[in-house]
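J.:
Number of protein chains: 2
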Amino acid sequence: MSLDTALLYLRKNQPRYRRWLEDFLRIPSISTDPAYKGEVRRAAEWLARRLNYDLHAHVQLWDTPRHPVLFAHLPGEITAPTVLLYGHYDVQPPGRSQDWHSMPFEPVIRDDRIYARGAADMKAQIIALMAAADAARAAGLPLNIKFLLEGEEEIGSPSLPQVLRERRSHLEADVCLNPDAGMAGEDLPSVTYGLRGLAAFELRVYGPQEELHSGMYGGAMPNPIQAAIQALSRLHDAQGRIAVPGFYDDVVPLTEEERKILAQIPFPTEEEAREKWGIVAYTGEPEYTPLERTVARPTLEFHGFLGGYVGAGSKTIVPSSATVKFSCRLVPNQEPDTIHERIRAYLEAHMPAWVKWELEYLVGAWPVLIPLDLPPVQTLKQALADTWQKEPLLVRNGGTIPAVAFLQQHVGVPSVLTGFALPDCNMHGPNEHQHLPTWEKGMEALTRFLFYFFERGKGV
Amino acid sequence: MSLDTALLYLRKNQPRYRRWLEDFLRIPSISTDPAYKGEVRRAAEWLARRLNYDLHAHVQLWDTPRHPVLFAHLPGEITAPTVLLYGHYDVQPPGRSQDWHSMPFEPVIRDDRIYARGAADMKAQIIALMAAADAARAAGLPLNIKFLLEGEEEIGSPSLPQVLRERRSHLEADVCLNPDAGMAGEDLPSVTYGLRGLAAFELRVYGPQEELHSGMYGGAMPNPIQAAIQALSRLHDAQGRIAVPGFYDDVVPLTEEERKILAQIPFPTEEEAREKWGIVAYTGEPEYTPLERTVARPTLEFHGFLGGYVGAGSKTIVPSSATVKFSCRLVPNQEPDTIHERIRAYLEAHMPAWVKWELEYLVGAWPVLIPLDLPPVQTLKQALADTWQKEPLLVRNGGTIPAVAFLQQHVGVPSVLTGFALPDCNMHGPNEHQHLPTWEKGMEALTRFLFYFFERGKGV
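If you read the sequences in order, they're chains A and B.
One point on numbering: in this note's numbering, the residue at position 242 of the first sequence is 242, and numbering is uninterrupted.
One point on numbering: in this note's numbering, the residue at position 354 of the second sequence is 1354, and numbering is uninterrupted.
1) Counting contacts by CB-CB distance shorter than 9 Å, is A:E211 in contact with chain B?
2) How many angstroms separate the CA atom of A:K325 from the CA atom of A:V205?
3) Enumerated in chain order, which unbroken segments of the alpha helix (DSSP H) with a length of 4 residues or greater are wholly contained in the stretch 156-212 of chain A?
4) Rounded to whole angstroms, what's the CA-CA distance from A:F454 to A:S190? Just pull it up for me.
5) Compare the C-beta of B:L1362 with all C-beta atoms of chain A and state if any pair is closer than 9 Å.
6) Check the Cβ of B:N991 against every Cβ in chain A and list those closer than 8 Å, keeping chain order.
7) May I ask whether a heavy atom of the ligand GTP can be found less than 8 Å away from the beta carbon of B:Q1226?
8) Apply the 10 Å Cβ neighbour rule to A:P65 and answer buried if 16 or more other Cβ atoms are within range, or exposed otherwise.
9) Are the beta-carbon atoms of A:E348 and A:L203 separated by less than 9 Å?
10) Does DSSP put A:V331 in a helix, a strand or coil?
11) Could you tell me the distance, in whole angstroms, from the CA atom of A:P268 to the CA atom of B:L1254?
12) I think B:L1198 touches B:S1327, with their Cβ atoms under 8 Å apart; what is that distance to the nearest whole Å?
13) Is B:F1024 helix, strand or coil when you go by DSSP?
14) Would you report the Cα separation of B:R1448 and B:I1279, rounded to the nearest angstrom?
15) Could you spell out the range, first to last residue, of the alpha helix (DSSP H) harbouring A:V472?
16) Give the range of the beta strand (DSSP E) segment to which A:A434 is assigned.
17) Using a C-beta cutoff of 9 Å, does A:N397 count as contacting chain B?
18) Step through the CB atoms of chain B and report whether any lies within less than 9 Å of the CB of A:W366.
19) Run the CB neighbour count on B:M1130, radius 10 Å, all protein chains shown included, and call it buried at 16 or more, exposed below.
20) According to DSSP, simplified to helix, strand and coil, what is B:S1320?
21) Does DSSP put B:Y1115 in a helix, in a strand, or in coil?
22) Considering only residues of the same chain and omitting the five flanking positions on each side of A:T82, which have a CB-CB separation below 6 Å?
23) Out of B:L1074, B:M1103, B:R1168, B:H1088, which has the shortest C-alpha to C-alpha gap to B:V1411?
24) Just checking: is the beta-carbon of A:L291 within a distance shorter than 9 Å of some beta-carbon in chain B?
25) Alpha carbon to alpha carbon, what distance is there between B:G1284 and B:S1461?
26) Tell me whether A:E152 sits in a helix, a strand or coil according to DSSP, three-state version.
27) Run through chain A and tell me which residues come within less than 7 Å of B:L1232, C-beta to C-beta.
28) Only counting the same chain, and skipping five residues up and downstream in sequence, which positions put a Cβ closer than 7 Å to that of B:W1439?
29) Do A:I265 and A:L300 have their beta-carbon atoms positioned less than 9 Å apart in this structure?
30) Applying a beta-carbon distance threshold of less than 8 Å, which residues of chain A neighbour B:S1327?
31) Once you ignore the five residues that flank A:R117 on each side, which residues in its own chain have a CB closer than 6 Å to its CB?
32) Using a threshold of 9 Å, state whether the C-beta atoms of B:E1275 and A:G429 are closer than that.
33) Taking CB distances under 9 Å as the criterion, tell me whether A:F305 reaches chain B.
34) Relative to the C-alpha of A:E271, which candidate in B:N1397, B:G1182, B:M1221, B:Y1115 has its C-alpha closest?
35) Let me check understanding here. Comparing Cα to Cα, which of B:R1042, B:R1016, B:P1034 lies closest to B:R1026?
36) May I ask you to list, following chain order, the residues of the stretch 1033-1065 of chain B that have a beta carbon less than 7 Å from some beta carbon of chain A?
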């Protein structure tokens, strides 16, 4: 049993892991779209086969109302510590095909990057976890290793709390290693200690049951787009702050010390953002830096608006309905359910009385702040430092991984967060990609973590 | 030459006109959608064949940048007056197929009604004009009859002014008879003396060039849906009045006398509207009746809103763009170009500075008020009264027929307006239909008009 043996094994087996990744990327495991339910299951079954046949793990597929949770176990010495490896095998929808340079589910390699939906978020990260476990086991490391691989992260992990409560005994572990948090740059290995939470909504506003001629009825007939615009325009003030009463009440203020830590994280300057995305300017709270706004401040973001006639040319109708998708990113100590109640009450106060409407609360996820003195955080920092020969950055991430708070709440397992997706990887957008040299370094860092964590004993 | 002969001819030829109508309804002449350009032309060519082969008219097809204008001429006695028969052979898009009980371009007859897109608006009305001319000519009426049939009414007749200026000499006439204005009820023959104008727009707001992950960038990245909502919410005040400065400046106030005339026009009560369309309540200016709001007051109506992710489930992105279609219905003496300038200036003042945007002015059409003492108005009232055995209603219509103002401005021809589409015909909506017994009465009324107009001489 030696780390060197494991690292050598890892390097020898790169072509095998690359094949795994390519096969895995070909499965369109889009969790949000019911049409892809079978494909999501196919991804879980593909992983189950790899974990069982190749890693010789005990594997269980736990069904849920939506997509299955995959649990796998590689038992070690009875006295050894236990690590739980987390991943999500579902992906975002690819979006408009014309925005992609290659097919989203036909992986293509260009310039050391593999392009496909889910490459960075987070199929490459799952394969890296499997590779690290494979190498550690091949080198004889008797650590207890468990996998928790879910298929609903991109829709807010709605089935996970129930699964965690029911399967608590299976999932007990000293720490959860979660590589879904990305890194700040190719040469900036990162330990993420904060995540934003999420409260996601769909608002539906109804006018006449069918579209009506705006010449015949316009002026007297309730227009659902107009009503939605009136109510939703009240959610932000003119400065772009969120105007829902109490929205910011529970936000833990940023300390000067934390602002210093955050100031080290790279973020595109406004000039770079203009160049890269064609925007006029950054928006948001002027008293915070753009990076702080995206990782340490809450938001209310509109994702989609559909109402009435949206085809070519004009159609002069009073529309029948309007549907708006939006969500809030939350920071400690905001609670998604409380935010939901406040937004609902505010819309009730501001939606015109002349329309019917409903607000669906799609999903809530808690924000996370991991104590920097948690011992596995130090272990992870060491593993990254030894791999990159560089002290890792401590970062907060503006994204959301519901499982982190759920595992703490329902199973009592703390998480440590890292990842090997680079900031320009187009996660959730077109042409998503994973930088392959960084991925290979990531496997090495995860393997080191398993060895160091074993050596340091049960969480010590 | 006798009216009785013409009316007998009309009745005998009903099956032939019915076949014309069904053939005509099968052509999907959707003018707003470039994909249907060929079908729009096919409708013009179909009409040209009927007018030439069946009515023996001289026919010309005048090309425009979009859809052709069909001109036809049935010369009468040199000293006889000239009537110009107006119609538009284009139709609105059918909308969502699941809302239709039968295929929109496969006419089906149920309960004395023919269902198809364009049945009421206005293919049945065009066939009624052709039938009246056919019967009048068969009975030897030596009136000069011209047809002006355009293919762009549903998109605001953008090519018509140029055509009218260039072809002025062809189009000279004593009056234009326009049956595109509908009627107030099956037993309520109607002469329309007012139409609303139109100024139609498309607003496009741009955020980042591609969709971005709202976890990674939300809080700092400009959201085009948010910007559009902020600016557009300023267009109406909380009472639903239009808040654009100067919007109402040129509106001619309703007189008490006119309000008495309008009070005779039937309009669904709020209770009936709840039952029929599932709405909560009528909206708009409380100091006007719902009918007055729809025919004699200007509006600003949103027709369509599309931005970001609108598929199933959620997708947490900062969207790249938002597109909003809206239009104003105008009343005398509002001018569409002035309204356009005022709306543009207002949006410039209220659109957040952190987005790029553009406002496209799609089309402008003038509102119309026809003097009630115009002699052909009396002729038309007589023709309707003798057909229905009932005094016709005088009505204002909330819709727009750009040709009416254009013909007055560019050729000096006044119009008289009627029509045989009933209020419940679902014009522009799903399951549009024409009530056939009313259609047949309409043909009779139009035939009477041609005879009475000839008898009364040149507009006397």
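By construction, the Cβ of each residue, glycine as well, lies at the ideal position given by its N, Cα and C atoms.
Because the structure is a prediction, the values reported are computed rather than measured.
T.: Inspection of the coordinates gives the following:
1) yes
2) Taken atom to atom, the span from the alpha-carbon of A:K325 to that of A:V205 is near 12 Å.
3) For the stretch 156-212 of chain A, whole alpha helix (DSSP H) runs of length 4 or above, ordered along the chain, are 160-166, 168-171.
4) 21 Å
5) yes
6) Nothing about residue 991 of chain B can be reported from this structure: the residues present for chain B run from 1001 to 1460 only.
7) Ligands in the displayed structure: none, and consequently the ligand GTP is not present.
8) Counting of Cβ neighbours within 10 angstroms places A:P65 among the exposed residues, the total staying below 16.
9) no
10) If DSSP states are grouped into helix, strand and coil, A:V331 belongs with coil.
11) 59 Å
12) 6 Å
13) Helix, per DSSP.
14) 41 Å
15) Any property of residue 472 of chain A remains undetermined from this structure, which presents chain A solely from 1 to 460.
16) Here residue 434 of chain A is Gln; the residue named in the question, Ala, does not match the sequence. Looking at the DSSP string, the run of the beta strand (DSSP E) that includes A:Q434 is 433-435.
17) Closer than 9 Å: yes.
18) no
19) buried
20) If DSSP states are grouped into helix, strand and coil, B:S1320 belongs with coil.
21) strand
22) Correct list, in chain order: N144, A173, D174.
23) B:R1168
24) yes
25) As shown, chain B starts at 1001 and ends at 1460. That puts residue 1461 of chain B outside it, with no answer to give.
26) coil
27) I229
28) Within the same chain, A1124, A1128, F1420 come within 7 Å of B:W1439 by CB-CB distance, once the 5 residues on both sides are set aside.
29) no
30) Residues of chain A passing the Cβ test: S214, S314, T316.
31) So the list reads V91, P94, P104, E432, once near-sequence residues are dropped.
32) no
33) yes
34) B:M1221
35) B:R1042
36) D1033, P1034
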